[in-house]
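For reference, the structure is listed below as structure tokens.
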Amino acid sequence: MIILMIILAVIGGCTLSIQAAINGQLGSKVGVFRTAFLTFSVGALITALLILYFEPTQTVTLMDVPKWQLLGAFCGVPYIVIMVLAVQRIGAAVATVAVIFGQLAMSMLIDNFGWLGNSAIPFSYSRLGAVVCLGIALAFIYSSSKKSAAPAGKTQAQATIRD
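Using the numbering used here, you'd call the opening residue of the sequence shown number 10 and step up by one each time.
Below is the structure:
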């Protein structure tokens, strides 16, 4: 079951990269906020249908939970808006790795301190190594994309010769 959850998480990550690339293109044509609105509107419609047809009845409603737990709904908006802006300027790979770096760093803080009602999972050197490796990966991906991006009107070979 754990392997299945890891595979599903990887698939989820793949879909986020696809979404970022598509939304970056759409955002450059119709605007960042219109793109974000479309994403959330379609998502709300699909989720409403999933709730209607597949969600089992719960004993607790959204009105019964601690109100701070509803704040998680606001976290998706900055992500979508930032990704639509960032992908247009730095590309899908750099933007995605930067997001994952931020997710990993914050997740380890949440785990270590048991924030937001989660179980505490102590910080370790192997976790530190993971963050360092991802930071190095981000630097490599950024520097390689910066070098390979040809200025407007120049071919790739001309940009390479210039650098």
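Beta carbons are placed, not taken as given, at the ideal position from N, Cα and C, and that holds for glycine.
N-terminal and C-terminal residue of the alpha helix (DSSP H) that residue i is part of
i: residue 102; result: 101-122
i: residue 74; result: Premise fails: residue 74 is in no alpha helix (DSSP H) and is neither H nor E.
i: residue 27; result: 11-39
With 16 other Cβ atoms within 10 Å as the buried cut-off, status of residue i
i: residue 92; result: buried
i: residue 77; result: exposed
i: residue 126; result: exposed
i: residue 20; result: exposed
i: residue 68; result: exposed
i: residue 173; result: Here the chain has residues from 10 to 172 only, and residue 173 is not among them.
i: residue 99; result: buried
i: residue 45; result: buried
i: residue 66; result: exposed
Collapsed DSSP secondary structure at residue i in the structure displayed
i: residue 44; result: helix
i: residue 128; result: coil
i: residue 93; result: helix
i: residue 69; result: coil
i: residue 135; result: helix
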